[in-house]
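Sequence positions in the sequence shown follow the working numbering and run -7 to 170. For reference, the structure is listed below as structure tokens.
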Amino acid sequence: VSTQSTGVMALRLLRSSVLKRHTIKARQQKKDVYEGSAYLNKVMLIGNVGREPIIRQSTDGSKYCTFPVATTESWTNKLTGTKESKTEWHRISVSNNYYSDYAEKHLQKGSKVFVEGALASNVIKDDKGRDKIVSEVQIQKYRGSLVILSKGTGFKKDVDSFDSPQDNTQKPQDKNDS
């Protein structure tokens, strides 16, 4: 057996033992993280509003609204070379007065929005009176956000969030003007 092949074998053995130790240590750290960590329920979406928000008022006078958001994922099929896409629809439920007012005044069908909230499942009655489980992204009081990223069709003109900020910088004076 040549010294070169012995060196290669020793390097492989060393590499595999280091890799095994690293893998065992990583598994233990992963186990420690999962056993001692808190849970996280957070959803962030960027998509287009599917229809005008439905605004409702609860018995205590607080507003809440619901609207659908579509997110689309696109890719190129490696076998055929064609572009393909898949659209997912998400039900958004807003129980925050500020964001409900914001949605009522400014959201339109086709608006691109950023939604941050928590995933929840609720039981609702369908048209035939049967119980149906519906998953939705909830924007609750002090938890979540709703940001309009672009205008939709029929966008209302009084949206302050789309006014460009005033440019307070002055043009530099020409040296000859002084």
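Using N, Cα and C, we set each Cβ at its ideal position, and we do this for glycine too. The structure presented is a predicted model; accordingly, all values stated were derived computationally and were not measured.
Nearest-angstrom Cα separation, counted from residue j out to residue i
i    : j    : result
N89  : Y56  : 7 Å
G73  : Y31  : 41 Å
G172 : G144 : There is no way to answer for residue 172, as the model of the chain reaches only from -7 to 170.
G39  : G136 : 16 Å
S50  : I131 : 16 Å
N33  : K133 : 15 Å
D52  : S66  : 44 Å
G121 : V115 : 12 Å
K148 : V105 : Low confidence applies here, because K148 scores a pLDDT of 48, under 50, leaving its location unreliable and the question unanswered by this model.
K97  : T64  : 26 Å
Beta carbon proximity, residue i to chain B, threshold 8 Å
i   : result
E44 : The structure shown contains no chain B, having only a single protein chain.
8 Å Cβ cutoff met for residue i and residue j
i    : j    : result
V86  : A95  : yes
L37  : V129 : yes
P60  : L99  : no
V139 : R83  : no
L111 : V35  : yes
Residues that residue i bridges to, as DSSP identifies them
i   : result
S50 : BP columns for S50 are empty, so no partner.
E80 : T63
N40 : A62, K104
Y56 : R48
T68 : K75
Spatial neighbours of residue i in its chain, beta-carbon cut-off 8 Å, leaving aside the 5 residues before and after
i   : result
N69 : K75, E76
Chain-order list of residues whose beta-carbon lies under 6 Å from that of residue i (same chain, five-residue window excluded)
i    : result
A62  : G39, N40, G42, T79, W81
S113 : I125, S127
D118 : K124
G109 : V35, V129, Q130, I131, G136
Neighbourhood of residue i by C-beta distance below 7 Å, restricted to the same chain and skipping five residues each side
i   : result
S92 : I47, K55, Y56, C57, V86
>> Which complete beta strand (DSSP E) runs does the region 82 to 154 hold, if anything under 3 residues is left out?
In response: Complete beta strand (DSSP E) runs here, min 3: 104 to 117, 123 to 131, 137 to 142.
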